[in-house]
Amino acid sequence: MDFLNALVALANFVLIPATAYGAQLALGALGVTLIYGILRFSNFAHGDTMAFGAMVTILVTWWLQGAGITAGPLPTALIALPVGIAGTALLLLAMDRSIYAFYRAKKAKPVVLVIVSMGVMFMLNGIVRFIIGPDNQRFADGERFIISARDFKTMTGLDEGLSLKTSQGITVVTAVIVVALLFWFLTHTRTGKSMRAYSDNEDLALLSGINPEKVVAITWIIVAALATVAGVLYGLDKSFKPFTYFQLLLPIFASAIVGGLGSPVGAIVGGFVIAFSEVTVTYAWKKIATYLLPDAWAPDSLVQLLSTDYKFAVSFVILVIVLLFRPTGIFAGKSV
Amino acid sequence: MSTNPYQDDRGNKDRSIANPAGSGSLHAGSYSGQPQKGTAGEPFLIGEAMTGGYGGGADILHGCTIAVDKGEIAVIVGPNGAGKSTAMKAVFGMLDLRAGDVRLNGESIARLAPQARVARGMAFVPQTSNVFTSLTVEENLEMGAFLRRDDISGTMEQVYGLFPILRDKRRQKAGELSGGQRQQVAVGRALMTRPSVLMLDEPTAGVSPIVMDELFDRIIEVARTGISILMVEQNARQALAIADKGYVLVQGRNRFTDTGEALLNDPDVRKSFLGG
Numbered sequence: 033m034d035f036l037n038a039l040v041a042l043a044n045f046v047l048i049p050a051t052a053y054g055a056q057l058a059l060g061a062l063g064v065t066l067i068y069g070i071l072r073f074s075n076f077a078h079g080d081t082m083a084f085g086a087m088v089t090i091l092v093t094w095w096l097q098g099a100g101i102t103a104g105p106l107p108t109a110l111i112a113l114p115v116g117i118a119g120t121a122l123l124l125l126a127m128d129r130s131i132y133a134f135y136r137a138k139k140a141k142p143v144v145l146v147i148v149s150m151g152v153m154f155m156l157n158g159i160v161r162f163i164i165g166p167d168n169q170r171f172a173d174g175e176r177f178i179i180s181a182r183d184f185k186t187m188t189g190l191d192e193g194l195s196l197k198t199s200q201g202i203t204v205v206t207a208v209i210v211v212a213l214l215f216w217f218l219t220h221t222r223t224g225k226s227m228r229a230y231s232d233n234e235d236l237a238l239l240s241g242i243n244p245e246k247v248v249a250i251t252w253i254i255v256a257a258l259a260t261v262a263g264v265l266y267g268l269d270k271s272f273k274p275f276t277y278f279q280l281l282l283p284i285f286a287s288a289i290v291g292g293l294g295s296p297v298g299a300i301v302g303g304f305v306i307a308f309s310e311v312t313v314t315y316a317w318k319k320i321a322t323y324l325l326p327d328a329w330a331p332d333s334l335v336q337l338l339s340t341d342y343k344f345a346v347s348f349v350i351l352v353i354v355l356l357f358r359p360t361g362i363f364a365g366k367s368v
Numbered sequence: 077m078s079t080n081p082y083q084d085d086r087g088n089k090d091r092s093i094a095n096p097a098g099s100g101s102l103h104a105g106s107y108s109g110q111p112q113k114g115t116a117g118e119p120f121l122i123g124e125a126m127t128g129g130y131g132g133g134a135d136i137l138h139g140c141t142i143a144v145d146k147g148e149i150a151v152i153v154g155p156n157g158a159g160k161s162t163a164m165k166a167v168f169g170m171l172d173l174r175a176g177d178v179r180l181n182g183e184s185i186a187r188l189a190p191q192a193r194v195a196r197g198m199a200f201v202p203q204t205s206n207v208f209t210s211l212t213v214e215e216n217l218e219m220g221a222f223l224r225r226d227d228i229s230g231t232m233e234q235v236y237g238l239f240p241i242l243r244d245k246r247r248q249k250a251g252e253l254s255g256g257q258r259q260q261v262a263v264g265r266a267l268m269t270r271p272s273v274l275m276l277d278e279p280t281a282g283v284s285p286i287v288m289d290e291l292f293d294r295i296i297e298v299a300r301t302g303i304s305i306l307m308v309e310q311n312a313r314q315a316l317a318i319a320d321k322g323y324v325l326v327q328g329r330n331r332f333t334d335t336g337e338a339l340l341n342d343p344d345v346r347k348s349f350l351g352g
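So the sequence lines, in the order shown, correspond to chains Y and D. Residues 33 to 368 in my numbering are what the first sequence lists, from first letter to last. Residues 77 to 352 in my numbering are what the second sequence lists, from first letter to last.
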């Protein structure tokens, strides 16, 4: 019984939240890795792109809620998501035309584009705060739980409850669908292959008649979709606050680099590695230890390795450790 | 040194933020000459009296003429630094031409960017980085046919017929192949556009002599299908043996121009370039 309780507690406090968080990071890291592979720089504006996408989705969600349209047990934000993606795609394409295209025409070195993306980051930062404000926004509605802790307890008779939030279920399902679509697109369509070809060898792509501007535009559209989906899922699961999204940039970069920059599979694996490390290191293991250990050994402290305040440090420790042993990341992306 | 401040990343080695791998260095040349009308009976592709260099730098080519007719093989040979590859690049629009002209089928293409020349039926196989290493052999060929909207399976069959080894390796990444097989992929990719002119920059660089002979045989086969072939070669003797036309360049100028056979038998050419 104690063992089962420990297992349920582990699932409830570590496995489920980490899986949902990992999926969100993976989607974010996929966007970063695509930009890195195709546009050849690390996009520092990615966290704020996620915030912008989430913001558009939230505004549309509020409007839909005001108009009395909901998705029943599912969050209304799912209906608003396509509008959010379209809005973000338009923004990114406008940014590309007005900013990045200039530097591409100058054949600017990637490091210049990195700094440019920081400028874009500050702009987006301001735009989002100007439109929706710097505060916490809640927009989740519909059924809150797929399984609530109390139902689980009455169902199984265990002391420990297991709750699975709707947002967590949706996160994982959506992430799986989005990732499957992306991989199918990259490996099976003409356009997807041309994106990989352009990433591999720009000159040869040009000699093959691939239009670089089209590849770049499609990349931005895909990145807009990935960033918006990641941003909305994160907002549904936790809450929306522009500053949190800005901070998300750190674990997302860590995920992309740990997995191997430029490798989409790596981005996904990296997302989960970072998420699981963060959650396990900052979780207070006292409860599970109490179940598993004999009474005499029961810990007095919380058995928390690191305060949650330090969760961002975890990303970087993992990053350093992985890069020490595998400089190309887990999935041999580009060597960093 | 480049004077473009946007290209200054001195000291930056951080690959976690910047990804220089595979980035483009292709230089689309400018043209400040006078385009001419083609004369009747001139070769299918002709780079006529080309003079030019890179940017504001000194001229590398001085009135250099390179031409190739339908179904012929033209070979450019010469000592190191003679401007062989440069002459080829000039024909393909990657050099800043200050005088002369490039005509395809009697029409001046000197103002066209390289990618526009691809659309006109010219295919170029660079000396290095000439395959998409992370794509499979089949995907490489598909990318070669990117401009085409019709069914490409017939052309792909032709390429597989020409290079049977590629059919066995079609699901393998091009980066995992040997040097000779990569060259086959590179030529195959270029053929997928169904070009009228195929330009090869040192196709046998870094491959073994046996593979080289094999590759030359394939090139002859390609020429027999009516495709003009313009080729820069380091292995002058073997290349001239298969050439209909040979160009010996020295310091960016035409030194000898004749049929491949005549050049091989010319005592001057033998003494100065072919080692006796």
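All C-beta atoms, glycine included, are put in the ideal place defined by N, C-alpha and C. Quantities reported herein were computed from a predicted structural model and do not represent experimental measurements.
So who's on the other strand from residue i, going by DSSP bridges?
i: Ile-142/D; result: Gly-123/D
i: Leu-137/D; result: Gly-128/D
i: Glu-183/D; result: Leu-180/D
i: Gly-322/D; result: Val-151/D, Asp-334/D
i: Gln-169/Y; result: Phe-272/Y
i: Tyr-107/D; result: Leu-173/D
i: Asp-277/D; result: Val-308/D
i: Ala-28/Y; result: No statement about residue 28/Y is possible, as the shown extent of chain Y runs from 33 to 368 and does not include it.
i: Leu-156/Y; result: Answer by DSSP bridge pairing: none, since Leu-156/Y is not bridged.
i: Val-311/Y; result: In DSSP, Val-311/Y forms no bridge with anything.
i: Val-201/D; result: Leu-276/D
Run the CB neighbour count on residue i, radius 10 Å, all protein chains shown included, and call it buried at 16 or more, exposed below.
i: Met-77/D; result: Only weak support exists for where Met-77/D lies, its pLDDT of 44 falling under 50; the coordinates are left without a value.
i: Arg-313/D; result: exposed
i: Pro-326/Y; result: exposed
i: Phe-239/D; result: buried
i: Arg-182/Y; result: exposed
i: Arg-86/D; result: exposed
i: Met-127/Y; result: buried
i: Val-208/Y; result: exposed
i: Val-352/Y; result: exposed
i: Pro-285/D; result: exposed
i: Ser-309/Y; result: buried
i: Leu-156/Y; result: buried
Can you look up residue i in the DSSP assignment and give me helix, strand or coil?
i: Val-298/D; result: helix
i: Asp-293/D; result: helix
i: Ala-330/Y; result: coil
i: Ser-149/Y; result: helix
i: Ser-339/Y; result: coil
i: Ser-367/Y; result: Because the pLDDT of Ser-367/Y is 45, which lies under 50, any placement of that residue in the model is unreliable, and the question is left without a value.
i: Asp-342/D; result: coil
i: Lys-165/D; result: helix
i: Arg-329/D; result: strand
i: Val-283/D; result: coil
i: Arg-196/D; result: coil
i: Ile-242/Y; result: coil
i: Ala-116/D; result: coil
i: Lys-160/D; result: helix
i: Ala-97/D; result: coil
i: Ile-179/Y; result: strand
i: Lys-197/Y; result: strand
i: Pro-359/Y; result: coil
i: Glu-192/Y; result: coil
i: Gly-174/Y; result: coil
i: Asn-44/Y; result: helix
i: Ser-347/Y; result: helix
Excluding sequence positions up to five away, which residues of its chain have a Cβ less than 7 Å from the Cβ of residue i?
i: Val-88/Y; result: Val-115, Gly-116, Gly-119, Thr-120
i: Lys-185/Y; result: Gly-193
i: Leu-217/D; result: Met-232, Val-235, Gly-264, Arg-265, Met-268
Going along the chain, which residues of its own chain have a beta-carbon closer than 6 Å to the beta-carbon of residue i, five neighbours each way excluded?
i: Val-210/Y; result: Val-261
i: Val-60/Y; result: Looking at the sequence itself, residue 60/Y is Gly, so the reference to Val does not match. Ala-262, Ile-284, listed in sequence order.
i: Leu-281/Y; result: Gly-79
i: Pro-105/Y; result: Gly-174, Glu-175
Might you give, ordered along the chain, the residues of its own chain that have their beta carbon closer than 8 Å to the beta carbon of residue i, omitting 5 neighbours on each side?
i: Ile-241/D; result: Gln-257, Gln-260
i: Thr-65/Y; result: Ala-288, Gly-291, Leu-293, Gly-294, Ser-295, Pro-296, Gly-298, Ala-299, Gly-365
i: Val-167/D; result: Leu-121, Gly-123, Met-126, Ile-142, Val-178, Met-275, Leu-306
Run the proximity test for residue i: is its beta-carbon closer than 8 Å to any non-hydrogen atom belonging to the ligand GTP?
i: Ala-221/D; result: As for the ligand GTP, it is missing from this structure, which has no ligand bound.
Exercise. Could you tell me which uninterrupted alpha helix (DSSP H) segments, each at least 4 residues in length, are contained entirely in the stretch 203-270 of chain D, listed from first to last along the chain?
Key: Restricted to the stretch 203-270 of chain D, the alpha helix (DSSP H) segments that are unbroken, complete and at least 4 residues in length are 213-220, 229-238, 240-244, 255-267, listed in chain order.
Quiz prompt | Complete runs of the alpha helix (DSSP H) confined to the stretch 53-122 of chain Y [at least 4 residues] | solution = 78-98
Exercise. Please list the segments of the alpha helix (DSSP H) lying wholly inside the stretch 245-293 of chain Y, counting only runs of 4 or more residues, in order along the chain.
Key: 274-291
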